[in-house]
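Undergrad: Below is one structure. I have some questions about it.
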Amino acid sequence: MSTLRFGQNLLKASVVFLRTELSFALVNRKPVVPGHVLVCPLRPVERFGDLHPDEVSDLFSAAQRVGKLVQKHFSATSLTITIQDGPEAGQTVKHVHVHVLPRRAGDFKHNDSVYDEVKLINLIYGHTSLSLPDPVRSLKLSTSGPG
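For the sequence shown, position 127 matches number 127 in the UniProt record's numbering, and the numbering has no gaps at all.
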């Protein structure tokens with residue numbers, strides 16, 4: 001069975017719905033909002049500043065594709081795209097990852113509360129994704145063509 005490393009975790013390749021040359025995307029096991037996705041470089045790198053320029057480019061291109069997809073699929077009007085780079089920023093998995101969250105008006109009482117929720121979920125559960133939730137199974141993407 002094929003696996004991918006995500007920090008201290010090994011993930012089944014079946015939980016990945018997008019794989020590019022240098023990145024992959026999976027649904028967060030404990031999403032802050034429906035459609036909360038993580039986009040990660042294939043190479044296990046702890047800090048954003050340690051990525052190679054081609055990895056940064058691929059990571060953000062993948063995050064952009066995923067953002068367009070989840071925004072449409074979950075009828076969102078906006079996106080929160082964030083990286084927690086280091087433990088003081090709330091990073092709990094020692095592997096760079098971009099959080100992509102589809103957003104709608106009123107999904108949080110205070111708009112920036114989403115950041116507290118992301119940090120809390122990370123601290124409690126970490127990111128060991130076990131399977132794709134049903135609403136996202138249909139989101140499998142190929143690496144061909146623009147997003």
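All C-beta atoms, glycine included, are put in the ideal place defined by N, C-alpha and C.
Can you find the residues in the same chain that come closer than 7 angstroms, C-beta to C-beta, to Q91, ignoring five residues on each side of it along the sequence?
TA: Q84 and D85
Undergrad: At 4 residues or longer, and completely inside the UniProt domain "HIT" (2 to 110): list those alpha helix (DSSP H) runs for me, N to C.
TA: 53 to 73
Undergrad: When the Cα atoms are used, what is the spatial distance from C40 to T77?
TA: Rounded to the nearest whole angstrom, the C-alpha separation of C40 and T77 is 24 angstroms.
Undergrad: So, does the stretch 46 to 54 touch the stretch 29 to 36, judging by three or more C-beta pairs under 8 angstroms?
TA: no
Undergrad: For the candidate residues S2, E21 and L101, whose alpha-carbon lies nearest to that of V70?
TA: L101
Undergrad: Please state if the CB of H95 and the CB of P44 are separated by a distance shorter than 7 angstroms.
TA: yes
Undergrad: Is the beta carbon of G106 less than 7 angstroms from the beta carbon of F74?
TA: no
Undergrad: Verify whether the separation of the beta carbon atoms of T80 and R103 is less than 7 angstroms.
TA: In contact: T80 and R103 (Cβ atoms closer than 7 angstroms).
Undergrad: Any heavy atom of the ligand ATP closer than 6 angstroms to the Cβ of L38?
TA: Absent from the structure shown: the ligand ATP. Ligands present: none.
Undergrad: Using a Cβ-Cβ cutoff of less than 8 angstroms, which residues in the same chain neighbour L59 once the five nearest sequence positions on both sides are dropped?
TA: L22, S23, V39, C40, P41, L51, V96 and V98
Undergrad: Nearest by alpha-carbon distance to A63: which of A25, D54 and A89 is it?
TA: A25
Undergrad: Quick one: is V136 buried, meaning 16 or more other Cβ sit within 10 Å of its Cβ, or exposed?
TA: Any answer about V136 is weak, because its pLDDT of 47 lies below 50 and its placement is not dependable; what the coordinates show is given next. Residue environment for V136: buried (at least 16 other C-beta atoms within 10 angstroms of its C-beta).
Undergrad: From G67, T20 and N9, pick the residue whose C-alpha is nearest to that of V93; which is it?
TA: N9
Undergrad: Of the choices S2, A13, V37 and F6, whose alpha-carbon is the least far from that of K68?
TA: Cα-wise, what sits closest to K68 is V37.
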